[in-house]
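Under the working numbering, the first residue of the sequence shown carries the number 2, and numbering increases by one thereafter.
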Amino acid sequence: MDHPVLVLDFGSQFTQLIARRVRELGTFSQILPFSTPVSKIKALEPAALILSGGPQSVYGRSAPRLRPAVLDLGLPTLGICYGMQMTAHLLGGRVIPSASREYGHTMLAVGGRHPLFEGTPRRQKVWMSHGDKVGKLPPGFKALAASASTPLAAFADDRRRIYGVQFHPEVHHTDYGTTILKNFLRLARAGENWSLSSYREHLIEEIRLRAGKSRVIAGLSGGVDSTVAATLVAEAIGKNLTCIFVDTGLLRKNEADEVMGFFRKYHLTLRRVNAGPEYFERLRGVRSPDVKRKRIGKLFIDVFEREARRLGGADYLVQGTLYPDVIESAPVYGPSSTIKLHHNVGGLPKRMKLKIIEPLRELFKDEVRRLGTELGIPHTIIGRHPFPGPGLAVRILGDVTPAKVRVLQEADAIFLEELRAAGLYDEISQAFAVLLPVKSVGVMGDEKTYENTCVLRAVVTTDFMTADFARIPHEVLGRAAARIVNEVKGINRVAYDVTTKPPATIEWE
Ligand code: XMP
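What follows is the structure, given as structure tokens:
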């Protein structure tokens, strides 16, 4: 992808959004740490730079600093929030603390006509979140816009094509944010070089060149990411790819058969490994969520290794790693780097000597879904809710047994069935049932019952890092609860989880 727009990350929670917006506007965009050496930036021949926001003050002792030489590269540059302040700081302006932190919606008044604000009104709603602001313009800059408490809310040096905005154009709450970003791309003369179909061709070519003559294996879970990754590799190298589906015994009801059925039609070489008994053996008596995760991760690797040996060895392993995983596990500055570490279900043992192919590592989830659709993968797979690697084991609190898994599978299937019947499945990002080892008293017919509790969880989210509970109509919840208690032996009470993330997580363990 030639001449990308590089987003230099100073630790903002919105950095990924910036990259997404730029791609949505048709230009390839990549995120790099703020400390990326100038030589590397230059070698990528970027069309433009965007400096992200960040939680620090430019005067802070541990503040992430841009290498001043970056601003001498002659590249069109847009500084956002902290990025604007860093620009001012390095080019001879002054950054000062705001009297109070400005957070949320603010009215912005645009001073005169400027191409950065073309197609936007003189007064417009923007979204801000900052403690510092630019107090004095650097030489060569002029002010473009102001808010009540931030007189220098946007600036420009037209000669050098360096711009700054104190607000966040990348968030939806900024009414004309996309227009402003588009204007910046036009000022930068960034080409429209990004479309999924051209990227698909590029990926296939790259995989062919790299691994065309090698033996490649892929773990296939039936989830969106691994399916798209494997399908893409299959399209590139055909029979040299062997997919491995591990039935851990901890999957949703009928999931293993459904996944196998789908892929059989799909002409992929696919091996099913029934490892359920081994998983239950390793989980026997284990109650701690962390120990469960570790043991499951370790066994997954053991199974994989065994399968690779059975095939007489393999050179490459396909993984469905996505861009957010790459960014979140890379040592980029900022808190966003540590949140999701537990989601990488174990690494691979060194002695496997497998090289990794991660064809989706530059894509966001919605891009993966669109790519999957282009590859002809049906909506039943593309639209599936995510399912965690450790499976139902992290949804059965306390020890995990085959009997408990069966109970939970039934309850979960009923909940999903009712959501589908009500036309709600696609609106909800993730929904599932959880089994609690908590018994309570009930009455069925003339008999007293003393059984376990099932919790239903359904969330709405765009990135799974924050989430709200889904506002499911009471009638739908009522129907699901009634069916679960009536049809699933072992559950006599159903509750609905109404916590957001944070402070709760989506999964219960
Ligand atoms: P939490 O519970 O952290 O989950 O709010 C966020 C999202 O990640 C999924 N998740 C996992 N996915 N392996 C995975 O592949 C894991 O170990 C794992 N743990 C959580 C979870 O289902 C939700 O979509």
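Don't be surprised by glycine CBs; every beta carbon is placed ideally from N, CA and C.
When the options are compared against residue i, the one with the closest alpha-carbon
i: valine 234; options: Leu26, Leu372, Arg494, Ser53; result: Leu372
i: valine 247; options: Arg162, Asp303, Ala496; result: Asp303
i: proline 403; options: Gln31, Pro474, Lys356, Leu436; result: Leu436
i: tyrosine 200; options: Ala64, Asp447, Gly27; result: Gly27
i: glycine 220; options: Val71, Ile245, His115; result: Ile245
i: isoleucine 51; options: Thr16, Lys41, Ala64; result: Thr16
i: methionine 445; options: Ile492, Leu417, His475, Arg458; result: Ile492
i: leucine 76; options: Arg114, Met261, His131, Ala189; result: Ala189
i: isoleucine 205; options: Leu45, Arg124, Pro504, Leu361; result: Leu361
i: leucine 355; options: Ala44, Glu308, Arg62, Lys440; result: Glu308
i: glutamine 14; options: Ser36, Pro56, Phe35; result: Pro56
i: isoleucine 181; options: Thr500, Val71, His115; result: His115
i: aspartate 226; options: Leu364, Phe470, Ala459; result: Leu364
i: alanine 100; options: Trp128, Thr500, Lys134, Lys183; result: Lys134
i: alanine 49; options: Ser40, Glu25, Leu74; result: Leu74
i: valine 71; options: Lys41, Glu282, Tyr83; result: Lys41
i: glycine 262; options: Thr381, Ala212, Tyr451, Glu236; result: Thr381
i: isoleucine 383; options: Tyr497, Arg211, Ala237, Val260; result: Val260
i: glutamate 103; options: Thr151, Gln86, Gly61; result: Thr151
i: arginine 162; options: Ser222, Leu186, His174, Val172; result: Leu186
i: glycine 105; options: Arg211, Asn487, Tyr83, Met129; result: Met129
Chain-order list of residues whose beta-carbon lies under 7 Å from that of residue i (same chain, five-residue window excluded)
i: leucine 197; result: Glu368, Arg371, Leu372, Glu375
i: histidine 567; result: Because the chain is modelled from 2 through 510, residue 567 falls outside the range shown and cannot be assessed.
i: serine 215; result: Asn241, Asp316, Tyr317
i: lysine 137; result: Gly94, Arg95
i: proline 389; result: Val395, Glu508
i: lysine 366; result: Leu323
i: aspartate 541; result: What the structure shows of the chain is the stretch from 2 to 510, and residue 541 is not part of that stretch, so it cannot be assessed.
i: lysine 449; result: Val442
i: glutamate 452; result: Lys440, Gly443, Gly491, Ile492, Asn493
i: threonine 501; result: Ala468, Asp469, Phe470
i: valine 127; result: Thr107, Leu109, Phe168, Thr175
i: glutamate 279; result: Leu300
Whole-angstrom C-beta distance between residue j and residue i, which should lie under 8 Å
i: glycine 250; j: glycine 277; result: 3 Å
i: alanine 541; j: isoleucine 429; result: Nothing about residue 541 can be read from this structure; the chain reaches only from 2 to 510.
i: isoleucine 81; j: valine 166; result: 6 Å
i: valine 563; j: valine 229; result: The structure shown does not extend to residue 563, since the chain is modelled only from 2 through 510, so no value can be given for it.
i: glycine 132; j: proline 98; result: 6 Å
i: cysteine 455; j: valine 495; result: 5 Å
i: asparagine 275; j: histidine 4; result: 50 Å between Cβ atoms; not a contact.
i: proline 387; j: glycine 224; result: 7 Å
i: aspartate 427; j: proline 325; result: With a Cβ gap of about 21 Å, aspartate 427 and proline 325 do not count as contacting.
6 Å CB neighbourhood of residue i in its chain, flanking five on each side removed
i: glycine 399; result: Arg288, Pro438
i: serine 148; result: Thr107, Leu109, Ala154
i: aspartate 158; result: Gly141, Phe142
i: tyrosine 164; result: Leu79, Leu117, Ala157
i: glutamine 410; result: Lys254
i: glutamate 359; result: Gln320, Thr322
i: phenylalanine 416; result: Ala434, Leu457, Ala481
i: proline 391; result: Arg294, Ile297
i: alanine 20; result: Val8, Ser30, Ile32
i: threonine 88; result: Gly80, Gly165
i: proline 290; result: Glu510
i: alanine 483; result: none
i: threonine 270; result: Thr243
i: histidine 344; result: Any reading at histidine 344 must be qualified, since the residue scores a pLDDT of 38, below 50, and its modelled position is unreliable; the value itself is stated next. None.
i: glutamine 125; result: Leu109, Asp176, Tyr177
i: leucine 393; result: Leu251, Val406, Leu409
i: arginine 283; result: Arg296, Leu300
i: aspartate 498; result: Val456, Arg458
i: arginine 209; result: Ala237
Contacting residues, own chain, Cβ-Cβ under 8 Å from residue i (five flanking each side not counted)
i: proline 38; result: Arg68
i: glycine 112; result: Ala144, Leu145, Ala146, Ala147
i: valine 477; result: Glu419, Leu420, Ala423, Leu425
i: serine 63; result: Gln57
i: tyrosine 334; result: Low per-residue confidence applies at tyrosine 334: pLDDT is 49, beneath 50, and the placement is therefore not dependable, though the value from the model is reported in the following sentence. Asp10, Phe11, Gly12, Pro34, Phe35, Ser36, Gly55, Pro65.
i: glutamate 46; result: Asp3, His4
- Item | beta strand (DSSP E) segments (min. 3 residues) lying fully within the segment 17-61 | 30-34, 49-52
Could you tell me which uninterrupted alpha helix (DSSP H) segments, each at least 4 residues in length, are contained entirely in the segment 254-338, listed from first to last along the chain? 256-266, 277-284, 290-311, 324-330
Let me know the beta strand (DSSP E) ranges lying completely inside the segment 187-241, each 3 residues or longer, listed in chain order. 217-220
Ignoring anything shorter than 4 residues, give me the alpha helix (DSSP H) runs that lie fully in the segment 419-471, in order along the chain.
none
key: Ranges of the beta strand (DSSP E) found wholly within the segment 63-126, counting only runs of at least 3   = 78-81, 95-111
(Q) Runs of 4 residues minimum, wholly inside the segment 354-378: which ones carry the alpha helix (DSSP H) assignment? (A) 366-375
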